[in-house]
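Novice: Basically the working numbering = 1-based index in the sequence shown + 2.
Quick one: this structure, given as structure tokens, is what I'll be asking you about.
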Amino acid sequence: MSDVLEVRDLRLRFRGYSGTSEVLHGISLNIRAGERVALVGESGSGKSVTARIVLGLLQELPSAQVDGGLFFEGEDLNRLSRRQWRALRGTSISMIFQDPTSSLNPVFTIGTQFAEVLRRRDPRLSREAADERAGTLLQSVSIHDHARVLGAYPFQLSGGMNQRVVIAMALANHPSLLIADEPGTALDVTVQAQTLKLMHELVERSGTAVLFISHNLGVVREFADRVFVIYRGRIVEQGPTPAIFEDPGHAYTRALMAAVPRITGGGLPELSDSESAFLEPMVVHEGDTA
Numbered sequence: 003m004s005d006v007l008e009v010r011d012l013r014l015r016f017r018g019y020s021g022t023s024e025v026l027h028g029i030s031l032n033i034r035a036g037e038r039v040a041l042v043g044e045s046g047s048g049k050s051v052t053a054r055i056v057l058g059l060l061q062e063l064p065s066a067q068v069d070g071g072l073f074f075e076g077e078d079l080n081r082l083s084r085r086q087w088r089a090l091r092g093t094s095i096s097m098i099f100q101d102p103t104s105s106l107n108p109v110f111t112i113g114t115q116f117a118e119v120l121r122r123r124d125p126r127l128s129r130e131a132a133d134e135r136a137g138t139l140l141q142s143v144s145i146h147d148h149a150r151v152l153g154a155y156p157f158q159l160s161g162g163m164n165q166r167v168v169i170a171m172a173l174a175n176h177p178s179l180l181i182a183d184e185p186g187t188a189l190d191v192t193v194q195a196q197t198l199k200l201m202h203e204l205v206e207r208s209g210t211a212v213l214f215i216s217h218n219l220g221v222v223r224e225f226a227d228r229v230f231v232i233y234r235g236r237i238v239e240q241g242p243t244p245a246i247f248e249d250p251g252h253a254y255t256r257a258l259m260a261a262v263p264r265i266t267g268g269g270l271p272e273l274s275d276s277e278s279a280f281l282e283p284m285v286v287h288e289g290d291t292a
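Pasting the structure below:
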């Protein structure tokens, strides 16, 4: 099975007034066609910046210095112009951001925004045809009153409804790769579970490869085929999901698992000194967004 995405020795530095800060220290990962791969780590570990590099967003910042190999369906992304990058986004590569409401424009209706997404692939698509296609896509995410939703503004819909809209938009142009950055984080756990289950079914049906970014190990265990664990800009462990959860090899992975809240039992399991050392940075970086 061929790789949809291959990242080789990815490095990221930011130039500032006081010098250069290195954020990623040689990230390497791959995603095969139809595969669901999770990138797991605490806030500030480098998950989201990795996704934004794959989308070609950070390369546009004058303060960012990106090095390493990026290959999408065998094509060297580093050779693309900005115009070619933009042509990929929303068509062959789509992304679901953390907060569904803030990722939609509040001053345009859902129908107007859906039409713009569909015209990324088919610029001559009429509004009537766009609404018809959008209605079919909304039905696929269990939104049956699609006429009302297409005429509504994002603030008139619930967070769960906006999340379903965003998922439908992300899959509208049949992307080869879907990047899901903490989808459902802003939702309550019940709605989050429903939308993630829905996304799982849709990507499985369409054969879309997924880079799933999360710190929620419970969701990752159910969703992902393989897991890459990232800590302070380095991949510290990788492997098939069952193997990672049944026998984690790195102390940081064990610390992540120990930090998962449990309904029963007397608090955290007993950790070794090396595993406990990873828990303190998880609090320090909690306010970061990377």
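The C-beta atom is built at its ideal place from N, Cα and C for all residues, glycine as well.
Because the structure is a prediction, the values reported are computed rather than measured.
Give the straight-line distance between the Cα atoms of histidine 124 and arginine 13, rounded to the nearest whole angstrom.
Specialist: Along the sequence shown, one-based indexing puts residue 124 at 122. Along the sequence shown, one-based indexing puts residue 13 at 11. Correcting the residue identity first, residue 124 is aspartate in this sequence and not histidine. Answer to the nearest angstrom: the Cα atoms are 35 angstroms apart.
Novice: Extract the residue ranges of the alpha helix (DSSP H) inside the segment 21 to 93, only unbroken runs of 4 or more that lie entirely within it.
Specialist: The segment 21 to 93 contains these whole alpha helix (DSSP H) runs: 49 to 56 and 84 to 90.
Novice: Please report the distance separating the alpha-carbon of arginine 15 from that of histidine 148.
Specialist: As a first step, residue 15 must be located in the sequence shown, where it is residue number 13. As a first step, residue 148 must be located in the sequence shown, where it is residue number 146. Their backbone Cα atoms lie some 44 angstroms apart in a straight line.
Novice: In the DSSP output, what is methionine 97 paired with across the bridge?
Specialist: The residue you call residue 97 lines up with position 95 of the sequence shown. Beta-bridge pairing links methionine 97 to Ile181.
Novice: Kindly provide the ranges of any alpha helix (DSSP H) runs that are 4 or more residues long and lie completely inside the segment 194 to 227, ordered along the chain.
Specialist: Segments of the alpha helix (DSSP H) lying fully in the segment 194 to 227: 219 to 225.
Novice: With 16 other CB atoms within 10 Å as the buried threshold, where does aspartate 183 fall?
Specialist: Position 181 of the sequence shown, counted from the first residue, corresponds to residue 183. Classification for aspartate 183: buried.
Novice: Could you tell me the distance, in whole angstroms, from the CA atom of aspartate 5 to the CA atom of glutamate 239?
Specialist: Residue mapping note: residue 5 aligns to position 3 of the sequence shown, counting from 1. Residue mapping note: residue 239 aligns to position 237 of the sequence shown, counting from 1. Each residue's Cα considered, the two are about 20 angstroms apart.
Novice: What is the rounded straight-line gap between the Cα of leucine 127 and the Cα of leucine 120?
Specialist: Position 125 of the sequence shown, counted from the first residue, corresponds to residue 127. Position 118 of the sequence shown, counted from the first residue, corresponds to residue 120. For leucine 127 and leucine 120, the distance between alpha carbons rounds to 8 angstroms.
Novice: For isoleucine 1 versus proline 156, is the C-beta spacing smaller than 8 angstroms?
Specialist: Absent from the model: residue 1. The displayed extent of the chain is 3 to 292, so no value can be given.
Novice: Considering only residues of the segment 95 to 133, which uninterrupted alpha helix (DSSP H) runs meet the minimum length of 4 residues and lie entirely inside it, listed in chain order?
Specialist: As far as the segment 95 to 133 is concerned, its whole alpha helix (DSSP H) runs of at least 4 residues are 112 to 123.
Novice: From the DSSP output, read off the bridge partner residues of glycine 241.
Specialist: Here residue 241 is taken as the residue at index 239 of the sequence shown, counted from 1. Paired residue(s): Val229.
Novice: Spatial neighbours of tryptophan 87 within its chain, please: CB distance less than 7 angstroms, with the 5 preceding and 5 following residues excluded, ordered by chain position.
Specialist: The residue labelled residue 87 in the question sits at position 85 within the sequence shown. If we look at tryptophan 87 and ignore the five residues flanking it on each side, its Cβ neighbours are Gly58.
Novice: Can you tell me where the beta strand (DSSP E) holding arginine 15 begins and where it ends?
Specialist: Translated into positions along the sequence shown, residue 15 becomes position 13. Unbroken beta strand (DSSP E) run through arginine 15: 5 to 18.
Novice: How is arginine 234 classed by DSSP in three states: helix, strand or coil?
Specialist: Your numbering for residue 234 matches position 232 in the sequence shown. Arginine 234 falls in the coil class under three-state DSSP.
Novice: Return the first residue and the last residue of the alpha helix (DSSP H) that glycine 161 is part of.
Specialist: Reading the sequence shown from its first residue, position 159 is the one you call residue 161. Note, glycine 161: alpha helix (DSSP H), 161 to 173.
Novice: What separation, rounded to the nearest whole angstrom, lies between the Cα atoms of glycine 71 and glutamate 8?
Specialist: Translated into positions along the sequence shown, residue 71 becomes position 69. Translated into positions along the sequence shown, residue 8 becomes position 6. In a straight line, the C-alpha of glycine 71 is about 8 angstroms away from that of glutamate 8.
Novice: If you check the beta carbons only, do serine 208 and glutamate 75 fall under 8 angstroms apart?
Specialist: For the purposes of this step, residue 208 is taken as the residue at position 206 of the sequence shown. For the purposes of this step, residue 75 is taken as the residue at position 73 of the sequence shown. No, the Cβ-Cβ distance between serine 208 and glutamate 75 is not below 8 angstroms.
Novice: For glycine 296, is the classification buried or exposed, using 16 other Cβ atoms within 10 angstroms of its Cβ as the cut-off for buried?
Specialist: Given a span of 3 to 292 for the chain in the structure shown, any question on residue 296 remains unanswerable.
Novice: Starting from the Cα of arginine 223, find the closest Cα among Ser65, Pro242, Gln141 and Tyr233 and give me that residue.
Specialist: For this step, residue 223 is matched to residue 221 along the sequence shown. Closest by alpha carbon: Pro242.
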